[in-house]
Amino acid sequence: MAEKMELNEVEVWDGNMAASQALRQAQIDVVAAYPITPSTPVVQNYSSFLANGYIDGEFVMVESEHAAMSGCVGASAAGGRVATATSSQGFALMAEVLYQASGMRLPIVLVVVNRALAAPLNVNGDHSDMYLGRDSGWIQLDAFNSQQAYDLTLMAFRIGEDHDIRLPVMVHQDGFITSHTAENVHPLSDDEAYEFVGEFKPLNAMLDLSKPTTYGVQTEEDWHFEHKARQHADLMTKVFGKVEEVFDAFEEKTGRKYDIVEEYMMEDAEVAIVALGSTVETTELVAKMMREEGIKAGVVSPRLFRPWPYEQIKKALSGVKAVACLDRSSPNGALGTLFNEVAASLYHVENRPVVTNYIYGLGGRDFTIDDAKKIYEELDANAKKGSPTTPLQQFVGLRGPKLSFY
Amino acid sequence: MSEMKKIKNLKEFSTSADRFEGANLLCPGCAHSIIVREILNATNDPLILSASTGCLEVCTAVYPYTSWDVSWIHIGFENSSTAIAGAEAMYKTLKRKGRLPASCEGKSPKFVAFGGDGSTYDIGFQWISGCFERGHDMMYVCLDNEVYANTGGQRSSSTPIGASTTTSPAGRISYGEKKQKKDMIQIMAAHGSPYVAQVAPNKWKDMVKKIQKGFATEGPVFINAMSACTTEWKFAPDDTIAISDLATDSLVFPLYEIENGTKLTITYRPKNKIPVRDYLGAQGRFKHLFRPEYEYLIDEWQKRVDEHWEYLQRREEAGV
Chain A
761 MAEKMELNEV EVWDGNMAAS QALRQAQIDV VAAYPITPST PVVQNYSSFL ANGYIDGEFV
821 MVESEHAAMS GCVGASAAGG RVATATSSQG FALMAEVLYQ ASGMRLPIVL VVVNRALAAP
881 LNVNGDHSDM YLGRDSGWIQ LDAFNSQQAY DLTLMAFRIG EDHDIRLPVM VHQDGFITSH
941 TAENVHPLSD DEAYEFVGEF KPLNAMLDLS KPTTYGVQTE EDWHFEHKAR QHADLMTKVF
1001 GKVEEVFDAF EEKTGRKYDI VEEYMMEDAE VAIVALGSTV ETTELVAKMM REEGIKAGVV
1061 SPRLFRPWPY EQIKKALSGV KAVACLDRSS PNGALGTLFN EVAASLYHVE NRPVVTNYIY
1121 GLGGRDFTID DAKKIYEELD ANAKKGSPTT PLQQFVGLRG PKLSFY
Chain B
6 MSEMKKIKNL KEFSTSADRF EGANLLCPGC AHSIIVREIL NATNDPLILS ASTGCLEVCT
66 AVYPYTSWDV SWIHIGFENS STAIAGAEAM YKTLKRKGRL PASCEGKSPK FVAFGGDGST
126 YDIGFQWISG CFERGHDMMY VCLDNEVYAN TGGQRSSSTP IGASTTTSPA GRISYGEKKQ
186 KKDMIQIMAA HGSPYVAQVA PNKWKDMVKK IQKGFATEGP VFINAMSACT TEWKFAPDDT
246 IAISDLATDS LVFPLYEIEN GTKLTITYRP KNKIPVRDYL GAQGRFKHLF RPEYEYLIDE
306 WQKRVDEHWE YLQRREEAGV
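Structure, rendered in C-alpha cells:
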C-alpha cells in the first residue's frame, strides 16, 4: 500500500511537479517512461515518489520514448491505469505508437511538456510537438499554468477512462515557461484527488482470462475506414459532453472553473487574440491594458485542442470584428494551424471577422507585452477598416528583416 | 504455481486443446504455425501473447476474425517485446494490489512475444535488448525464417551469406547476400538472460523441453526458432519438416541452450551429420551457389559450420 503524502493547502510547484503529483495521486498501475528535457523532472519526481514509498504501481524505466508508449499500450490493454510523460523529439519518436494507442481505444494519459522540434536542436518551449499530435486520435487538453497542469492531469483520467470515451488523453503545458516556473498551486488531498479520479474500471482486459481479447488486428479496405470513422465520430460527438461533465464535477469539488474554450473579456470585445499555452496569460494581461487605451480587446483560448471545439470557437468569436491567431510552431509552408482551424470555424458565420495569423515564440523566443500590444493595435486597425491592414501571416519577434506572407 | 504439461507422444501433443486455431492464413507448409502450436501446447498455464508485425500477425488476426483463443496484442513491427513487457508489468501491479480479474486470480499466466527475424534481429532489436536488460518475466520467441517473408522476401540481418532475396538477389555478377547471419543467440546470452535456446520444429521433444524450461525460468527467456519458409526458401510445402531435418542434421542450425549467460549445452547431436551442400541444394534460394564459380562458397560454408560446431562443443566442455 502506497503511503499518503501530506500536502499543504498551497504548494509551490512548477508545472512538472504539478503534473507529477497528479500522476501520483491517480495511483497509476503502470508508468513506462523515458526522460527528455523539459519533461524529465516528471519522470524524476515520480522515481523519487516511488523510492520513498508513495507509489505502489509498476514504474518501468524503458530505453526510448517509442518503448515507453509501447509499454503503455501493452499495460493498458492488459487492463489498468497507465500514464507517461514526454516532450519534443521523444514525442516525435512515440508518434507511431500514439496512433496505435488511440486506434485500440486505450485510455492512456500522456503529459506533454511542449518543446520545439529539431533541426536545429532546441530544448525550449514551442508548440511543434503539440501540433504533431493533432491528427493522432488523442484528446488534447492545454494547461496555461502549473495549477491547470495539475487540475487537467487529474481530469484527464476521468475523461479518457470513461467507458463511453475510451480514448487516450494528452495534457499539454509549455516547456520551461510553465514546466520550470514555480507557482502557487492548490492541490487536493491524496484522498480527495483519488476519489475524484475514481477507481479504474477495466474493459476488454487482456488479463481477463475468461474473455480473451485480440488487440491490434489487421483491417484493409473492407473495415479500416469504418474503424477510423467510428473513432472520429466518437471524438466529434461524445468527448465535448464528457469534458464538460468532468469540468463541472471538478468545479463543484474545487471551485475552479474550466471551459472547453476559455474566454477573457469577450462579452463586448471587438478584437480578439486566439492563443494556446502560457501565452494566454500574457495576452490576457495585455487585453486589460488595451481596454485602458480604448481598444475593446479580448482573449479566446481553446482548453481543448482536440477534438477541435468548432462550435464553441464559432460562438466565442461571433460578433468580433478582428481576430489574430497566434501559432507557436513553424507552419513550414502554410498558414498556421490555429489560423486554419479558427478561420474554418468562422467561415460560415455572418459578418465574419477579419482573421490574421502571427507566428511567434519558436524555440522559446520570448513573447512580450509589447508584441501583444502591437498585435492588438493591428487588430484595431483591421476592425476599423473591415479588412486586413497587414499581411495575412506575420512573424513576431524574429531577428533580421520583417517576414510576412500574403 | 505453473503447470507443466506431460507430453508422451506426438499424436497426443498435436491433438491437445488448441489455443491457436488452425483457421489462419499462413502459407501451407509454413513452419510458423507448427512452432507456435508446439510452444502453446507445452504448457497448461494461461497465456498472454503479443506479436510483431509480420507473417504470424497478418495471417492470424484479420478483422473480424482471430485465430487466437488467448489474449493477444499486436502494436507494430518493432515492439511485441515491450508490449508484452507492459502487460507483464500490469499483471505484477494488479496482483500486488489485489485487483486482478477474478478469472486470473491464483493463475500464473505466461507472457510470450513473437516476432520474425526482421523484428528481432533488425527493427525490434533495441526493444528486445531493453526488455532483457530490465528483466521482465517473459519469453521472446523469434520465428527465424531468415528473411522479411511477409513483405516479399527482402534480406534481414538474419539472412545467411549466399541466399538470394529480393533485395540481395543473385544475378549475373552477384551471388546474393554478402553478409553472414548475425549471431543473435550469443547476443541475447550476453544480456545475461537466464535462458537462451535455439529450437527447431522437427525436433519437437527438444522444443517442448526447452519451452517448458523457459516457462519455469523467472526472467526474460529468448528462443530462436528456426522456421523453414516454403515461399522464400523455395521448397515444396510438404517438405517443411524434411528441410528442417536437413538444417538440424547438417548443423547449420545447431540445437543448444545457454543458461545464465554462459553455461552452454548442446541438446542435439545428429547421428549422421550430413553435408551443408545437401541442405543448400534442397532450397531454391541457394540454387545459384551450385554454379561452378560459386562452389567455393559452399566449401566456405561447410568450413564455417564445422568451426562453429567445434566452438559450441568446446564451450560445452569448458562449461562456459
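Same order as they appear, the protein sequences are chains A and B. Using my numbering, read the first sequence as starting at 761 and increasing by one per residue. Using my numbering, read the second sequence as starting at 6 and increasing by one per residue. Each residue gets a CB set at the ideal place from its N, CA and C atoms; glycine is no exception.
Comparing the C-beta of A:Pro928 with each C-beta of chain B, is any distance below 9 angstroms?
-> Taking the first sequence and counting its residues from 1, one reaches residue 928 of chain A at position 168. Cβ-Cβ to chain B under 9 angstroms: no for A:Pro928.
Cβ separation of B:Leu294 and B:Ile303, assumed to be a contact under 8 angstroms, to the nearest whole Å = For the purposes of this step, residue 294 of chain B is identified with residue 289 of the second sequence, where counting begins at 1. For the purposes of this step, residue 303 of chain B is identified with residue 298 of the second sequence, where counting begins at 1. Correct: roughly 6 angstroms between the Cβ atoms.
Compare the C-beta of A:Lys1075 against all C-beta atoms of chain B and say whether one is closer than 9 angstroms.
-> Locating residue 1075 of chain A in the first sequence gives position 315, counting from the first residue. Output row for A:Lys1075: interface = no.
Start and end of the beta strand (DSSP E) containing B:Gly120?
-> Here residue 120 of chain B corresponds to residue number 115 of the second sequence, with the count starting at 1. Segment Lys115 to Gly121, the beta strand (DSSP E) holding B:Gly120.
Contact set for A:Gly1054: own chain, Cβ-Cβ below 8 angstroms, skip 5 residues either direction = For this step, residue 1054 of chain A is matched to residue 294 along the first sequence. None.
B:Leu251: contacting residues in chain A (beta-carbon distance under 9 angstroms) | Reading the second sequence from its first residue, position 246 is the one you call residue 251 of chain B. Ordered by position in chain A, no residue passes the 9 angstroms Cβ test against B:Leu251, which lies about 33 angstroms from the chain.
Mind pulling the chain A residues with CB within less than 7 angstroms of B:Thr235?
-> Here the question's residue 235 of chain B lines up with position 230 in the second sequence. Here the premise fails: no neighbours, minimum Cβ distance about 21 angstroms.
When you compare each of B:Lys97, B:Glu17 and B:Pro33 to B:Glu236 by their alpha carbons, which one comes out closest?
-> Locating residue 236 of chain B in the second sequence gives position 231, where the first residue counts as 1. Before going further, note that residue 236 of chain B is Thr rather than Glu in the sequence given. Of the listed residues, the one whose Cα sits closest to B:Thr236 is B:Pro33.
Applying a beta-carbon distance threshold of less than 8 angstroms, which residues of chain A neighbour B:Arg139?
-> The count along the second sequence starts at 1 and reaches residue 139 of chain B at position 134. Here the neighbours are Val820, Met821 and Val822.
From the beta carbon of B:Glu83, is the nearest beta carbon of chain A less than 9 angstroms away?
-> As a working mapping, residue 83 of chain B is identified with position 78 in the second sequence. Yes, contact with chain A.
Out of A:Gln1154, A:His1108, A:Tyr1136 and A:Glu1110, which has the shortest C-alpha to C-alpha gap to A:Asn1117?
-> Residue mapping note: residue 1117 of chain A aligns to position 357 of the first sequence, counting from 1. Nearest option by C-alpha distance: A:Gln1154.
Rounded straight-line distance, which links the Cα of A:Val1114 to that of A:Ser906 = Residue 906 of chain A sits at position 146 when you count from the first residue of the first sequence. Residue 1114 of chain A sits at position 354 when you count from the first residue of the first sequence. C-alpha separation (whole angstroms): 33 angstroms.
Check the Cβ-Cβ distances between B:His293 and every residue of chain A, and say whether any is below 9 angstroms.
-> Your numbering for residue 293 of chain B matches position 288 in the second sequence. No, no contact with chain A.
Mind listing the chain B neighbours of A:Pro962? Cutoff is C-beta to C-beta under 8 angstroms, in chain order.
-> On the first sequence, position 202 is the one that residue 962 of chain A refers to. The contacting residues are Pro106.
So, does the CB of A:Gln785 fall closer than 9 angstroms to a CB anywhere in chain B?
-> The residue you call residue 785 of chain A lines up with position 25 of the first sequence. So, not an interface residue.
Could you round the C-beta distance between B:Trp73 and B:Phe18 to whole angstroms and report it? I think they count as a contact, below 8 angstroms.
-> Translated into positions along the second sequence, residue 73 of chain B becomes position 68. Translated into positions along the second sequence, residue 18 of chain B becomes position 13. About 20 angstroms separates the two Cβ atoms, so there is no contact after all.
Where B:Phe295 sits in the DSSP three-state scheme = Numbered from its first residue, the second sequence carries residue 295 of chain B at position 290. Helix at B:Phe295.
For the putative contact between B:Ala3 and B:Ala233, defined by C-beta atoms under 8 angstroms, what is the C-beta separation to the nearest angstrom?
-> Any property of residue 3 of chain B remains undetermined from this structure, which presents chain B solely from 6 to 325.
Residue ranges of each alpha helix (DSSP H) within the segment 39-124 of chain B, 4 or longer = 60-63 and 85-102
Give the interface partners of B:Leu269 over in chain A, defined as CB-CB distance under 7 angstroms, in chain order.
-> What you label residue 269 of chain B is simply residue 264 of the second sequence in a count that begins at 1. Simply none; closest approach about 27 angstroms.
Alpha-carbon to alpha-carbon, A:Asn768 and A:Tyr910 | Your numbering for residue 910 of chain A matches position 150 in the first sequence. Your numbering for residue 768 of chain A matches position 8 in the first sequence. Taking the straight line joining both Cα atoms gives about 15 angstroms.
Cutoff 6 angstroms; reference B:Arg139; Cβ partners in own chain excluding five residues on either side | Position 134 of the second sequence, counted from the start, is the residue given in the question as residue 139 of chain B. Excluding sequence neighbours, B:Arg139 sits near nothing in its chain.
Apply the 10 Å Cβ neighbour rule to A:Asn776 and answer buried if 16 or more other Cβ atoms are within range, or exposed otherwise.
-> By 1-based counting over the first sequence, the position of residue 776 of chain A is 16. Buried.
Sequence ranges, beta strand (DSSP E) only - wholly within the segment 1096-1150 of chain A, length at least 3 | 1114-1120
For A:Asp789, which residues in chain B fall below 7 angstroms Cβ to Cβ?
-> Reading the first sequence from its first residue, position 29 is the one you call residue 789 of chain A. Those within 7 angstroms of A:Asp789 in chain B are Met95, Thr98 and Leu99.
Can you tell me which of the three DSSP states A:Phe819 falls into?
-> Residue numbering aside, residue 819 of chain A sits at position 59 when the first sequence is read from its first letter. If DSSP states are grouped into helix, strand and coil, A:Phe819 belongs with the strands.
With distances taken from CA atoms, which of A:Gly1124, A:Val945, A:Pro1148 and A:Asp1130 is nearest A:Phe936?
-> Within the first sequence, the letter at position 176 stands for residue 936 of chain A. Minimum Cα distance to A:Phe936 is reached at A:Gly1124.
C-alpha gap between B:Trp209 and B:Val41, whole angstroms | Your numbering for residue 209 of chain B matches position 204 in the second sequence. Your numbering for residue 41 of chain B matches position 36 in the second sequence. Those two C-alpha atoms are separated by around 11 angstroms.
Between B:Gln159 and A:Ala916, what straight-line distance do the alpha-carbon atoms span, to the nearest angstrom?
-> Indexing the second sequence from 1 puts residue 159 of chain B at position 154. Indexing the first sequence from 1 puts residue 916 of chain A at position 156. Taking the straight line from one Cα to the other gives about 44 angstroms.
Alpha carbon of A:Gln1072 to alpha carbon of A:Val1021, nearest angstrom | Within the first sequence, residue 1072 of chain A is the residue found at index 312, counting from 1. Within the first sequence, residue 1021 of chain A is the residue found at index 261, counting from 1. Those two C-alpha atoms are separated by around 6 angstroms.
Check whether the Cβ atoms of A:Ser824 and B:Gly135 sit closer than 9 angstroms, and answer yes or no.
-> If you number the first sequence from 1, residue 824 of chain A lands on position 64. If you number the second sequence from 1, residue 135 of chain B lands on position 130. Cβ distance < 9 angstroms, so A:Ser824 and B:Gly135 count as in contact.
Nearest CA to the CA of A:Ser836: which residue from A:Tyr814, A:Ala1082 and A:Ala861?
-> Within the first sequence, numbered from 1, the residue matching residue 836 of chain A stands at position 76. It is A:Ala861.
Rounded to whole angstroms, how far is the Cβ of B:Leu99 from the Cβ of B:Cys64, which I believe are closer than 8 angstroms?
-> Sequence index remark: in the second sequence, residue 99 of chain B carries index 94 (1-based). Sequence index remark: in the second sequence, residue 64 of chain B carries index 59 (1-based). About 31 angstroms; that fails the 8 angstroms criterion.
Sort out for me which residues DSSP pairs A:Ala1082 with in a bridge.
-> Indexing the first sequence from 1 puts residue 1082 of chain A at position 322. Bridge partners of A:Ala1082: A:Val1031 and A:Val1114.
Report the option in B:Gly129, B:Glu262 and B:Phe240 whose CA atom is closest to the CA atom of B:Ser85.
-> Indexing the second sequence from 1 puts residue 85 of chain B at position 80. Answer by Cα proximity: B:Gly129.
Residue environment, A:Asp934, which counts as buried when at least 16 other CB atoms sit within 10 Å = Here residue 934 of chain A refers to the residue found at position 174 when the first sequence is read from its first residue. The residue is buried, with at least 16 neighbouring Cβ atoms inside 10 Å.
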